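Q: Here's a structure for you.
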Amino acid sequence: MSSELITIRGETDGSAASGVVPLDCDLFQSTVSYFRIPKGMTAKIWFKKISGEGETLFTLKYTYDCTVASPSWKNIQQEKLASKGEIALEKRRPEILRSLNGTEAFQITWSQPTAAKAYIEVGVEIE
Amino acid sequence: MDKVVDELGLCPESGFLTCFIPALGKALVFRVKSRVNRRYEVLHYGPLPLTSGTTLPTYEGGSVSVPANGVIPARAYTKDGLTFPTTLSVYDKNDMWYLPTDDRDRLFHVIQYVTPAFLRIDVQIPTGVSQGRFQKDRVTTGVDKDFGFSRGTYEIVHLPGIRYGYRYGNDTNVNLYTSVKFTYGEYIIEIPRNSNLIFDILTRRAQSHWITLPINYTDPSITRALTETYGIEGFPVYRQDERDRAIREYESLLGGVKI
Numbered sequence: 001m002s003s004e005l006i007t008i009r010g011e012t013d014g015s016a017a018s019g020v021v022p023l024d025c026d027l028f029q030s031t032v033s034y035f036r037i038p039k040g041m042t043a044k045i046w047f048k049k050i051s052g053e054g055e056t057l058f059t060l061k062y063t064y065d066c067t068v069a070s071p072s073w074k075n076i077q078q079e080k081l082a083s084k085g086e087i088a089l090e091k092r093r094p095e096i097l098r099s100l101n102g103t104e105a106f107q108i109t110w111s112q113p114t115a116a117k118a119y120i121e122v123g124v125e126i127e
Numbered sequence: 128m129d130k131v132v133d134e135l136g137l138c139p140e141s142g143f144l145t146c147f148i149p150a151l152g153k154a155l156v157f158r159v160k161s162r163v164n165r166r167y168e169v170l171h172y173g174p175l176p177l178t179s180g181t182t183l184p185t186y187e188g189g190s191v192s193v194p195a196n197g198v199i200p201a202r203a204y205t206k207d208g209l210t211f212p213t214t215l216s217v218y219d220k221n222d223m224w225y226l227p228t229d230d231r232d233r234l235f236h237v238i239q240y241v242t243p244a245f246l247r248i249d250v251q252i253p254t255g256v257s258q259g260r261f262q263k264d265r266v267t268t269g270v271d272k273d274f275g276f277s278r279g280t281y282e283i284v285h286l287p288g289i290r291y292g293y294r295y296g297n298d299t300n301v302n303l304y305t306s307v308k309f310t311y312g313e314y315i316i317e318i319p320r321n322s323n324l325i326f327d328i329l330t331r332r333a334q335s336h337w338i339t340l341p342i343n344y345t346d347p348s349i350t351r352a353l354t355e356t357y358g359i360e361g362f363p364v365y366r367q368d369e370r371d372r373a374i375r376e377y378e379s380l381l382g383g384v385k386i
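These protein sequences, in sequence, are chains E and V. Quick note: the first sequence uses the numbering used here, first residue 1, plus one each step. Quick note: the second sequence uses the numbering used here, first residue 128, plus one each step.
Shown next, in the form of structure tokens:
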């Protein structure tokens with residue numbers, strides 16, 4: 001089975017204090033609000049890079065079924081940028097998100113005390 | 128012990144290549160006399176030959192248009208197998224891997240790498256005929272089903288006179304840009320004339336790179352092409368204790384081999 005390492009990136013809109021990060025990547029033709037993991041495969045999160053103009057909490061969320069009208073998202077990981085600046089987080093062991101039924105997906109949300117531009121990059125290996 | 132394939136996964140000169148056809152229970156055994164493109168085995172083809180505006184079926188049962196050349200839409204798959212067009216002066220500009228039956232001394236051994244590697248791949252042989260089967264012929268499998276496909280890579284041998292159609296599926300929710308890289312060998316081949324050697328290869332006692340072609344349904348065009356190209360459909364595979372019977376049959380078949 002082949003694997004593909006992609007860097008998914010997104011940013012806050014700078015005007016809302018919370019929201020869902022539009023996900024983009026060099027292989028994506030357009031942004032999406034979540035990424036549906038191909039059936040039987042896993043999404044391994046190897047690294048995250050976060051930068052921004054102010055305090056920002058990014059949350060990685062996962063759902064078992066993205067096909068329903070209102071998916072139920074569970075928090076998987078949270079990374080907080082305490083103030084203006086950047087952080088880079090690398091994993092020796094990745095966070096693994098599994099596609100058990102072909103309907104699983106992940107998304108990233110942001111939350112800020114004051115709306116500001118912030119950016120996130122996530123290294124994801126689809127295997 | 129010699130390697131059956133080199134670091135690229137291709138057969139070295141003087142190596143053997145066996146193409147087993149499950150539907151026939153027969154195999155073609157080739158000796159690679161020469162590899163024409165030695166040192167130049169990698170071909171970066173570019174995006175998948177998906178044309179903007181083409182309608183593709185979706186996993187949800189609907190249809191969707193290809194939004195741009197080379198982009199596979201979210202949750203869509205190709206129903207009909209794709210061939211790889213080229214602007215080069217090849218025999219058929221719509222299918223760069225197709226060889227006529229007259230070119231029987233040539234063979235393309237092709238390993239395809241698709242980006243993104245999580246795309247589903249299967250192959251129709253000939254184009255339009257799906258070959259994935261489950262429980263005899265009760266179920267046809269493939270990229271449009273839950274199983275019967277591979278992801279990211281596909282190794283196959285293109286036999287002359289047969290058109291292969293590749294199908295792809297994108298079961299994510301994203302429209303994806305695509306790319307294909309081929310690692311291929313254009314072999315100059317012969318069929319060995321030693322029936323003992325053929326028996327040893329087909330009983331796995333002599334080394335050969337063995338590729339099982341995904342042919343589970345014998346379309347008449349396949350047997351016709353094999354006979355036109357090689358003079359035979361292949362060598363039946365026998366058990367090790369059937370050497371005498373096998374040798375007799377192989378001797379008989381070798382009398383009709385064209386190459």
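Backbone N, C-alpha and C fix where the C-beta goes; we use that ideal spot for every residue, glycine too. All values derive from a computational prediction rather than experimental measurement.
1) Does the distance between the C-beta of V:F274 and the nearest non-hydrogen atom of the ligand HEM fall short of 6 Å?
2) So E:L60 and E:I37 are in contact, right, with Cβ under 8 Å, and what is the actual spacing, rounded?
3) Grab me the residues of V:Y218's own chain with a C-beta within less than 7 Å of its C-beta, minus the 5 sequence neighbours each way, in chain order.
4) Taking DSSP as the reference, what is the three-state secondary structure of V:S306?
5) Would you mind reading off the limits of the alpha helix (DSSP H) that contains E:R93?
6) Measure the C-alpha to C-alpha separation of V:E369 and V:R158 and round it to an integer number of angstroms.
7) Quick one: Cα of E:G123 to Cα of V:V237, how far?
8) Looking only at its chain, what residues have a beta carbon closer than 7 Å to the beta carbon of E:L27, apart from the 5 residues adjacent to it on each side?
9) Going straight from the alpha carbon of E:T114 to that of E:E127, what length do you get?
10) Check the Cβ of V:F245 against every Cβ in chain E and list those closer than 7 Å, keeping chain order.
11) The beta strand (DSSP E) spanning V:L215 covers which residue range?
12) Who are the Cβ neighbours of V:Y141 in its own chain at under 8 Å, not counting the five residues just before and after it?
13) Once DSSP output is grouped into helix, strand and coil, what is the label at V:L381?
14) Which partner residues does V:R158 have in the DSSP bridge list?
15) In angstroms, rounded to a whole number, what distance separates the CA positions of V:F78 and V:P194?
16) Residue ranges of each beta strand (DSSP E) run of no fewer than 3 residues wholly in the region 211–282 of chain V, ordered along the chain?
17) Please tell me whether V:Y304 has its Cβ less than 7 Å away from any Cβ of chain E.
18) Does DSSP put E:Y64 in a helix, a strand or coil?
19) Counting contacts by CB-CB distance shorter than 7 Å, is E:L57 in contact with chain V?
20) Once DSSP output is grouped into helix, strand and coil, what is the label at V:I328?
21) Secondary structure at V:L353, three-state DSSP: helix, strand or coil?
22) I believe V:V284 touches V:L234 by the beta-carbon criterion, under 8 Å. Please report the beta-carbon distance rounded to the nearest angstrom.
23) With DSSP as the reference, label V:M128 as helix, strand or coil.
24) Assign E:G14 to one of three DSSP states: helix, strand, or coil.
25) Would you say V:G136 and E:S2 are within 7 Å of each other, going by their C-beta atoms?
A: Reading off the structure:
1) With respect to the ligand HEM, the structure shown offers nothing to examine, as it has no ligands at all.
2) Incorrect: roughly 13 Å between the Cβ atoms, too far for contact.
3) In the same chain as V:Y218, and ignoring 5 residues on each side of it, the C-beta atoms closer than 7 Å to its own belong to Y225, L226 and P227, in chain order.
4) strand
5) Here E:R93 belongs to no alpha helix (DSSP H); instead the beta strand (DSSP E) covers G85 to R98.
6) 23 Å
7) Straight-line Cα distance between these residues: approximately 31 Å.
8) I6
9) 37 Å
10) E4, P38, M41 and I126
11) Neither: V:L215 is in no beta strand (DSSP E) and is coded neither H nor E.
12) Position check: residue 141 of chain V holds Ser in this sequence, whereas Tyr was assumed. For V:S141, where only same-chain residues beyond five positions count, the Cβ hits under 8 Å are R158, V159 and K160.
13) helix
14) V:F143 and V:E317
15) This structure cannot speak to residue 78 of chain V, because chain V is shown only from 128 to 386.
16) 233–242, 247–251, 259–261 and 266–268
17) yes
18) In this structure, E:Y64 counts as coil in the three-state DSSP scheme.
19) no
20) helix
21) helix
22) 6 Å
23) Residue placement at V:M128 is poorly supported in this model, since its pLDDT is 45, which falls under 50; the coordinates are not used for a value here.
24) Residue state, collapsed to three classes: coil.
25) no
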